[in-house]
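Numbering (full-length UniProt numbering), first residue to last: 1 to 709.
Here's the structure, in structure tokens; my notes come after.
Now the structure itself:
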């Protein structure tokens, strides 16, 4: 079965190769036809406007004598000597001869490979400056073969020593395109004529890739050679040289975005990495001093690279799948070699600290931002080994992790490796000596607690809570600042984070000392009472589950005189008003527990709560009655103003008529009497508004009611 499978696989590969060759041949033929068509169109334009062309070399310049050029134009023989004269016919013959001479040459040569090929970094270095100059090292032959007329030839290409394609562009096309933007002329070394009809890249929008790579193609293609295997039982000088040769061979990187390229080289490197890992693990005395820098160099060449930006700008780590590293088959083996190197019995930290320095550690920490969780898991183990082996780097590692967290909290809010770094810190905190240093306490308050306010808390909350608990186990006196810090960052609108905070509070209650619990019980249970009253049933349910914790229940029972008055009003109200029956059942269980703890206090709280509720209802009725009286008073005033306004209008008209008939003295007297009458009527109206309809008395009652509330 295995042989048949291999045979079928070989047939499939052969068929794919044949299909690829056929497609390439078709594209090459289309490229040739397109180029010829383009040249004919240029020729037609030049024939239509012959007087605007410049006189170049004579008709004998390229591809033969002037006779061929005359024949191409359909002129009788014997007129070829006239081609040297500066008339329009000679100009046309000269240009036509050059173009068709070049076309005849290209038919006999290998098809042009430039249109469908990607260029290396050397692709645009070889634009010729004058006669006889070509494109870079390998492109010089093509341009020099054209002689002095290389300026007027289209793009030609050959392969250089490294297998890359070089291009030359004509001086004529350069002059034509000089007024256009550079981005339209040349992009990444590829010749583009407006729209390239033979480009491999599709114009359709690319879908989201499941794999990405931070690898880029090497400027030179290196062909690896199979080396003999290393022998663990031999530690001779030859084995050391072979070991170093294999390490240097593994420094070559390959492009894994195209899985069918460089298959032989990839397989050779994979076998070499496996051989190195086995040799380091089982060999004795293989880690000599000259090997250390070679191993670190190989690791640096493979691991340290610029991480690509996320392909999805709206990437949500909780919902979207991460982009995996395409070159992981080799990266995994490199990480395994690194771990075997650090865990080897022959490893000497005194020699290793010369090559594993602060710069190396800083580059290693930057890799924690990789989206691939497999790589972050290896990095976590590697960094932990380095922290344990190199005592001089411990403070530097903690400081750099501190900087990463601060940048994550206050600047970017994006770093993929926060959970892994917190997991490393958990083991580091567990090994702190007592008493704790001031820098460690500051790290807790200034860095770990603010990590609770980031939006993506759910990605690393478990590791963060573990670090907090480790600090409290080391120093119980940190309980009060930690709990008050959590209450400071307590979420107001995100119910998911609120549930996580309640879970962390329960973990803290599991390790808290009773004297420290007394210090934080009042603010803590005020917040828990708010959570129990939450309309979100998951928040209320998680808060009520605290009463299922035996140690927390023992602490509550010891301090029930303080906790029960805080919790009872919320619990009693929720038992009557909450919409979720599960929450109501849990509240009844908690109330039953309180009644069993201290029945006397429970009865007092019940009676006082009922009395308070009666007072509240009475105040509510009084408030409603006062508002009714205010509305009635306002309606009476508005009706009185309407009636008074009509009466005043009629009186003013009558007084105006009487005033016109009386002398001025009597008019002044009447006005004085009118003012006195209006004053007396105002006093009567104010006096009549006394009792229950007095606005001053009503306002005083409202103020008194508010003060009582």
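Note that the Cβ used here is the ideal one computed from N, Cα and C, for glycine as well.
Computed from a predicted model, the values in this text were never measured in an experiment.
Check: By DSSP, does residue 325 sit in helix, in strand, or in coil?; Outcome: strand
Check: If we ignore side chains and look at the alpha-carbon of each, how far apart do residue 344 and residue 430 end up?; Outcome: 25 Å
Check: Between residue 594 and the rest of its own chain, which residues show a CB-CB distance below 6 Å, the 5 nearest in sequence each way excluded?; Outcome: 564, 602
Check: What is the C-beta distance between residue 451 and residue 409, in whole angstroms, given that I count them as a contact (C-beta under 8 Å)?; Outcome: 6 Å
Check: Please identify the residue among 546, 275, 366, 456 whose C-alpha is closest to the C-alpha of residue 239.; Outcome: 275
Check: Could you give the distance in angstroms between the alpha-carbon of residue 422 and the alpha-carbon of residue 460?; Outcome: 8 Å
Check: Quick check on DSSP: helix, strand or coil for residue 490?; Outcome: coil
Check: Contact defined as beta carbons within less than 8 Å: I believe residue 506 pairs with residue 539. What is the distance between those atoms, to the nearest angstrom?; Outcome: Actually they are not in contact, since the Cβ atoms of residue 506 and residue 539 sit about 14 Å apart, beyond 8 Å.
Check: Please classify residue 438: is it buried, with 16 or more other beta-carbons within 10 angstroms of its beta-carbon, or exposed?; Outcome: exposed
Check: Compute the Euclidean distance between the alpha carbons of residue 223 and residue 392, then round it to the nearest angstrom.; Outcome: 41 Å
Check: When you compare the CB positions of residue 277 and residue 374, do they come within less than 7 Å of one another, or not?; Outcome: no
Check: What residue from 513, 17, 467, 396 has the CA that sits closest to residue 261's CA?; Outcome: 17
Check: With DSSP collapsed to three states, give me the class of residue 433.; Outcome: coil
Check: If you count every other CB in all the chains shown that lies within 10 Å of the CB of residue 327, and 16 or more means buried, which is it?; Outcome: buried
Check: Between which two residues does the alpha helix (DSSP H) harbouring residue 350 extend?; Outcome: 349-352
Check: Whole angstroms is fine: what's the gap from residue 303's alpha carbon to residue 331's?; Outcome: 7 Å
Check: Determine whether the beta carbon atoms of residue 445 and residue 405 lie at a separation below 7 Å.; Outcome: no
Check: Using the Cα positions of residue 604 and residue 396, report the straight-line distance between them to the nearest angstrom.; Outcome: 60 Å
Check: Using only CA atoms, which one of 398, 292, 386 lies nearest to residue 443?; Outcome: 398
Check: Beta carbon of residue 521, beta carbon of residue 483: below 7 Å?; Outcome: no
Check: Would you decide whether residue 372 is buried or exposed? Buried here means 16 or more other CB atoms lie within 10 Å of its CB.; Outcome: buried
Check: What is the rounded straight-line gap between the Cα of residue 43 and the Cα of residue 37?; Outcome: 10 Å
Check: With C-beta atoms as the reference, is residue 292 less than 7 Å away from residue 351?; Outcome: yes
Check: In terms of residue numbering, what span does the alpha helix (DSSP H) encompassing residue 569 cover?; Outcome: 560-577
Check: Are the stretch 582-596 and the stretch 527-546 in contact at 8 Å, needing three or more beta carbon pairs?; Outcome: yes
Check: Using three-state DSSP, classify residue 231 as helix, strand or coil.; Outcome: coil
Check: Rank 541, 479, 473 by C-alpha distance to the C-alpha of residue 496 and give the top, closest one.; Outcome: 541
Check: In terms of residues, what are the limits of the alpha helix (DSSP H) holding residue 534?; Outcome: Run containing residue 534: none; DSSP gives neither H nor E here.
Check: With 16 other CB atoms within 10 Å as the buried threshold, where does residue 279 fall?; Outcome: buried
Check: Identify whether residue 439 lies in helix, strand or coil by the three-state DSSP scheme.; Outcome: helix
Check: Which whole-angstrom value describes the C-beta separation of residue 325 and residue 370, a residue pair presumed to lie in contact below a C-beta threshold of 8 Å?; Outcome: 7 Å
Check: Could you check the C-alpha separation between residue 600 and residue 466 for me, to the nearest Å?; Outcome: 40 Å
Check: Looking at the unbroken alpha helix (DSSP H) that takes in residue 277, where does it start and where does it end?; Outcome: 263-282
Check: If you run the structure through DSSP and keep just helix, strand and coil, what is residue 449?; Outcome: coil
Check: How long is the line joining the alpha carbons of residue 537 and residue 639, rounded to whole angstroms?; Outcome: 52 Å
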